[in-house]
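Mapping the sequence shown onto the UniProt record's numbering, position 97 (from 1) lands on 97, and the numbers just tick up by one. See below for the structure under consideration.
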Amino acid sequence: MLSLRDSRLRQLELRMRIPRRLVLPIIALCVFVLSDTAAARFLLPHRAVYDMTLIKASDRSGIADVTGRMIYEFYGSACLDYTTNTSIVTRIDSVTTSGLTDQQMTTFEAADGNTFSFMTKTYVDQALQKEVRGTATREGQNVMVRLEKPEHKDFDIGSTQFPTQHMLDIMNRADAGETLYETRLFDGVGDADKAMTTSVLIGKKAEAEKNDPEAPALAKLEKDRAWPIEVAYFDDSTEGGDELPQTIINLKLHENGIARDLVMNYSNFSLSGKLVKLELLDMKSGICDK
């Protein structure tokens with residue numbers, strides 16, 4: 001049985017469950033992709049480290065402070081499929097207590113966009129609190145999800161994109177000059193039982209400012225141009241759907257797929273994710289002859 005302290009930490013953890021949609025824009029791979037305009041896109045394989053801090057929190061959230069670090073890795077290509085590993089470790093302080101939350105997620109996405117497997121584990125003070133594991137498979141126009149944990153369950157989530165498809169779609173539309181569009185996304189977040197409607201706003205691409213605090217982490221890539229992107233997530237599973245977004249993610253997305261200057265806005269609090277370290281990975285993971 002959970003103690004009052006553990007129960008409170010569990011409530012805080014649920015408000016901050018691993019946001020795959022937080023790291024969705026950080027595709028770090030070298031991939032050859034044909035867009036609608038038949039232009040090849042190459043993205044850099046890398047490991048990105050972000051320092052996370054609390055920007056603000058309402059009294060209702062019960063959150064006094066949040067500090068932490070996120071590590072995101074992406075390997076693969078249009079020939080090798082895509083594998084991601086994400087780790088988010090946060091210290092969550094409430095008015096009465098504090099605790100350490102470790103959220104881990106691994107995903108595999110087939111390059112043809114027909115299969116997406118996911119596993120999420122959440123630990124509070126090193127004790128496993130929740131594990132979600134399953135596979136989503138495209139069958140015609142719809143996607144069927146089969147959960148293995150926490151319990152066996154099958155369900156239809158309709159037509160939707162998977163994370164890599166969603167990300168490449170953003171970049172291809174940005175290249176084409178689009179500034180606003182809407183689509184659906186299934187990313188295995190939370191209970192992994194539904195897709196979300198996403199509204200994507202794309203700004204004008206520009207180089208980083210000379211005094212940008214993330215420039216040292218970008219090193220030789222600091223002169224690469226980036227789009228300011230805003231992605232709002234709506235729950236359309238209820239009748240009529242959400243009128244207000246559950247989450248809004250802002251970021252700067254570079255032409256090579258590196259994302260930085262993250263701002264995650266939830267209903268009762270918001271977090272900042274600043275790029276502090278960037279490691280380019282083996283380029284062989286992105287070689288593709290397609």
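Glycine included, each C-beta is placed from N, C-alpha and C at the ideal position.
Assuming residue i contacts residue j under a Cβ cut-off of 8 Å, what Cβ separation, rounded to an integer in Å, is found between them?
i, j, result
"Val132", "Asp191", "7 Å"
"Ile135", "Thr107", "Checking the sequence, you will find Thr at residue 135 rather than Ile. So it is not a contact: roughly 10 Å between Cβ atoms."
"residue 291", "Gln129", "Nothing in the structure corresponds to residue 291, since the chain is present only between 1 and 290."
"His46", "Glu207", "With a Cβ gap of about 19 Å, His46 and Glu207 do not count as contacting."
"Asn268", "Arg60", "5 Å"
Applying the 10 Å Cβ sphere with the 16-neighbour rule, what's the burial state of residue i?
i, result
"Tyr82", "buried"
"Gly158", "exposed"
"Asp169", "buried"
"Leu244", "exposed"
"Ile55", "exposed"
"Pro163", "buried"
"Glu151", "exposed"
"Tyr181", "exposed"
"Ala174", "buried"
"Thr53", "exposed"
"Gly99", "buried"
"Thr238", "exposed"
"Ala232", "buried"
"Ala127", "exposed"
"Ala176", "exposed"
For residue i, I'd like the list of residues in its chain whose CB is within less than 6 Å of its CB, leaving aside the five on either flank, ordered along the chain.
i, result
"Asp236", "Thr197"
"Ala111", "Ala78 and Asp81"
"Asp102", "Val89 and Tyr123"
"Leu262", "Leu251 and Gly273"
"Glu109", "Tyr82, Phe116, Phe162 and Thr164"
"Asp154", "Arg146"
"Glu230", "Leu201 and Asn250"
"Lys205", "Arg225 and Trp227"
Taking residue i as the reference, which of the options has the closest Cα?
i, options, result
"Met167", "Ser267, Met105 and Ser199", "Ser199"
"Pro216", "Lys277, Val66 and His152", "Lys277"
"Gln165", "Asn85, Ser272 and Arg184", "Arg184"
"Thr137", "Gly188, Val89 and Val263", "Gly188"
"Thr96", "Glu209, Pro228, Asp65 and Ala174", "Asp65"
"Leu218", "His254, Ala232 and Glu139", "His254"
"Arg225", "Lys210, Tyr266 and Val231", "Lys210"
"Gly68", "Gly140, Gln126 and Val49", "Val49"
Return the chain-ordered list of same chain residues with a C-beta closer than 7 Å to the C-beta of residue i, the five sequence neighbours on each side being excluded.
i, result
"Asn142", "Asp156, Gly158 and Ser159"
"Lys149", "Glu131, Val132 and Arg133"
"Pro270", "Contrary to the premise, residue 270 reads as Ser rather than Pro in this sequence. So the qualifying residues of the chain are Ile55, Lys56, Val263 and Met264."
Leaving out five residues before and five after residue i in sequence, what residues of the same chain have Cβ atoms less than 8 Å from its Cβ?
i, result
"Glu178", "Ile202"
"residue 291", "Residue numbering for the chain in the displayed model covers 1 to 290; residue 291 lies beyond these limits and cannot be assessed."
"Asp282", "Pro45"
Is residue i close to chain B, meaning its C-beta is less than 8 Å from at least one C-beta of that chain?
i, result
"Phe118", "In the structure shown, chain B does not exist; there is a single protein chain."
**OP:** Would you mind listing the alpha helix (DSSP H) stretches within the region 88-146 that are 4+ residues and don't spill past its ends, in chain order?
**Re:** none
Original post:
If you scan the region 141-207 from start to end, which runs of the beta strand (DSSP E) of 3 or more residues do you find wholly inside it?
Top reply: 142-149, 153-156, 180-185 and 196-202
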